[in-house]
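The opening position of the sequence shown corresponds to residue 3 in my numbering, with each subsequent residue numbered one higher.
The C-beta atom is built at its ideal place from N, Cα and C for all residues, glycine as well.
Read through the structure below, which is laid out as structure tokens, and then see the notes.
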Amino acid sequence: MTRSRRASSKARTSTDEQVVDPVEIAGTVAIVGFPNVGKSTLVNRLTETRAAVVHETPGVTRDRKELICEWSGTTFRLIDTGGVDREDTGPFGRQVAAQARQAVEEADLVLFVVDAKVGATPGDEELAAILRSSRRDVLVIANKLDDPRRDAEALEFHRLGL
């Protein structure tokens, strides 16, 4: 992550005044993927909060959510996006897709979350092509493989070329 930004956090002095300390923001990370692949669960793990709503029903996250996150001593802006649904051509579907595109444009790093139980889908291939053309750094997060004996199934996502 190359861009540097500043955010502020509050600290207390001995006189109990609030002082703003600048916090170095290493960059922006966007989390994208299709509905119900575990994007919001990943956000909650990274932020150690329950800031993102998690539900079995696909499409619960509609609006993008921006959070400041610290992971392994690095502070960054994290953008949780709604699940992109190729088949939802209505106003909400278009809005979610537009918000995801905007998040990718703002990102220094994109986490592309996929459902490894389902395997690589034509939609994953289409989204991977869009991410390749964005010229952003992308990590594919193969989710939903809880059995270590099935880890090899995640290797099929290498063919996405990310």
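Check	Outcome
Rounded to whole angstroms, what is the Cα-Cα separation between His160 and Val25?	36 Å
Determine whether the beta carbon atoms of Leu162 and Asp139 lie at a separation below 8 Å.	no
According to DSSP, simplified to helix, strand and coil, what is His160?	helix
Among residues of its own chain, excluding the 5 on either side of Arg134, which ones have a beta-carbon nearer than 8 Å to its beta-carbon?	Val140, Gly163 and Leu164
Taking Arg152 as part of the beta strand (DSSP E), name the residues at either end of that continuous run.	First-last for Arg152: undefined, no H or E at that position.
Look at the alpha carbon of Thr59 and the alpha carbon of Thr76, and state the distance between them as a whole number of angstroms.	Caution applies to Thr59, whose pLDDT of 48 falls short of 50 and renders its modelled position unreliable; the value that the coordinates give is listed next. For Thr59 and Thr76, the distance between alpha carbons rounds to 33 Å.
Asp117 bridges to which residues according to DSSP?	Asn145
Where Glu108 and Leu80 are concerned, what is the direct C-alpha to C-alpha distance, given to the nearest angstrom?	11 Å
Looking only at DSSP bridge pairs, what is Phe36 linked to?	In DSSP, Phe36 forms no bridge with anything.
Going by beta carbon distance, what residues of the same chain come within less than 7 Å of Glu158, once the five residues before and after it are set aside?	Gly121 and Ala122
Could you tell me which of Ala156, Thr49, Gly40 and Arg103 sits nearest to Leu129, measuring between CA atoms?	Arg103
Output yes or no for whether 8 Å exceeds the beta carbon distance between Leu48 and Cys71.	yes
In terms of DSSP beta bridges, what is Ile70 paired with?	Arg79
By the 10 Å Cβ neighbour count, where 16 or more other Cβ atoms means buried, how is Ala32 classified, buried or exposed?	buried
Beta carbon of Thr83, beta carbon of Ala105: below 8 Å?	yes
Quick one: measure Cβ to Cβ for Val34 and Val112, integer angstroms, because I've assumed they're closer than 8 Å.	6 Å
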